[in-house]
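Trainee:
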Amino acid sequence: MRTDPPPVDEAALAARLVEMAKPSAGERAIILFDPTYYPGITARLRESLHARGVQTYAIVEDTPAMVATYINDETIPNRREADVVETLEPVFQRSEIFYWMPTRGYGDDLRWERLVGRSHVRSIHFHWLLPFPGTRTADEIVSQSHSIEERALTVDLAAHARSQVRLANALRGRTVHVTTPAGTDLTLAVRVDEWFHFGNGDASKTRADRGRWIRDRQIELPVGMFQFVSDRDSVAGTIVTPTISQAGSAVRDARLRVARGRIVDVAAAEGADWIRAQMPRNGPDGDRIALVSLDTNPLSPPTGIGFDIGSNWENGGSNNANRMWRMSITLRDPTMIFDGRTIMRDGQLLWDAF
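Be aware that the sequence shown starts at -3, since it is given in our numbering, and climbs by one per residue.
#1: Hey, quick one: how far does the beta strand (DSSP E) through M323 stretch, first residue to last?
#2: Please state the DSSP three-state secondary structure of R48.
#3: Would you list the one or two residues that DSSP bridges to D304?
#4: Is the Cβ-Cβ distance between V186 and S226 less than 8 Å?
#5: Could you pull the DSSP bridge partners for W96 from this structure?
#6: Determine the direct distance from the alpha carbon of A243 to that of D30, and round the result to whole angstroms.
#7: Compute the distance between the beta-carbons of I210 and D198, then report whether it is under 8 Å.
#8: Which whole-angstrom value describes the C-beta separation of R42 and A148, a residue pair presumed to lie in contact below a C-beta threshold of 8 Å?
#9: Where in the segment 206 to 278 do unbroken runs of the alpha helix (DSSP H), each at least 4 residues long, occur, reported from the N-terminal end onward?
#10: Comparing alpha-carbon positions, which option in P297, M323, T65 and S119 lies nearest I271?
#11: Could you pull the DSSP bridge partners for N172 from this structure?
#12: Within its chain, find whatever has a CB closer than 6 Å to the CB of R256; leave out the 5 residues flanking it on each side and keep chain order.
#13: In three-state terms, what does DSSP make of T38?
#14: Looking at C-beta atoms only, is the number of pairs between the segment 33 to 50 and the segment 87 to 97 that lie closer than 8 Å three or more?
#15: Does A250 pass the burial test, meaning 16 or more other C-beta atoms within 10 Å, or should it be called exposed?
#16: According to the Cβ coordinates, are E77 and R114 closer than 8 Å?
#17: Which residues share a DSSP beta bridge with V56?
#18: Could one say the Cβ of V63 lies closer than 8 Å to chain C's Cβ atoms, at least one of them?
#19: Note down the Cα distance separating T326 from D342, rounded to an integer number of angstroms.
#20: With DSSP run on the structure shown, which of helix, strand or coil describes F194?
#21: Have a look at the DSSP bridge pairing and note the partners of T331.
#22: Would you call the segment 9 to 29 in contact with the segment 158 to 175, where contact means no fewer than 3 C-beta pairs closer than 8 Å?
And the structure:
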């Protein structure tokens, strides 16, 4: 039986998408959507863009059942990705905007990222419930959907953008110390000339033209993603995490010792062998710290710090990794300190501290 998502303010979400891209008459917009998952947002978006003189081209995403036929066969996604890129590249190269709407399923390949990279489109994609419904209960679906909707619609984009710049300026040139009650004790250096990804909702042509990397032309809704590639040789210490996203239940209570940005020792209550096997599978730098991530959306619950290990090519990193393969760790309750100032406590950014 198909689970339908709860109602949301589709008109307001469509208006937000237009606001973010700031389209001009004569531009072309590609819209990738799932006709079973909030198609009303797509319909309203197309009407609004059309009224502004923007031509739209709609593409239907694969269903979860279709994705399931190829996602576990590593040879098929590569062929599927190559076919999609070859077929759609001329359309992307003639377009200016790409909307990646909410979908029920997701094929873990790089078809859409490659198309963004091989064109000059500026893109907006949803951080909604994925996969949908997954293992969520009906009550969880309603609660999480409404929370995401609130974070997408009610944040003042200009004020939030200023906050992200302030955080970046505070971090530049600092050596940051991260600890958790479970035993994480890690230091990392932020370069003076570090390039930050500001997930601030600005998907305008002006912003896209200033971007350096593919990630700069991929803006998220809700806003709040804040990422950087730290000085990888500076990362040292220990990361203690209850889980690793890609491992599911295979890993529990892992302890990773890091030296010069690489994992040099692994222990875990369960799954140490999974981690050791996964690192080389992810590539020559599958053991190297890739990204540091924070969520700056003022309506998000305390989300702590995220560390990705492996691929960071979208953000202009130089890690040698396969595709976007990585291990993702989220520390929910860290303290973050630099220059004797605590700027995060129990996973919550302390904006008044900097």
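C-beta: ideal position from N, C-alpha, C; glycine also.
Mentor: Straight from the coordinates:
#1: R322 to L327
#2: coil
#3: L287 and S324
#4: yes
#5: L28 and H121
#6: 27 Å
#7: no
#8: With 8 Å as the limit, R42 and A148 do not qualify as a contact, their Cβ atoms being about 19 Å apart.
#9: 268 to 277
#10: M323
#11: At residue 172 the sequence reads Val, which differs from the Asn that was named. Answer is L184.
#12: D229
#13: helix
#14: yes
#15: buried
#16: no
#17: F29
#18: Among the protein chains of the structure shown there is no chain C, as only one such chain exists.
#19: 13 Å
#20: strand
#21: T175
#22: no
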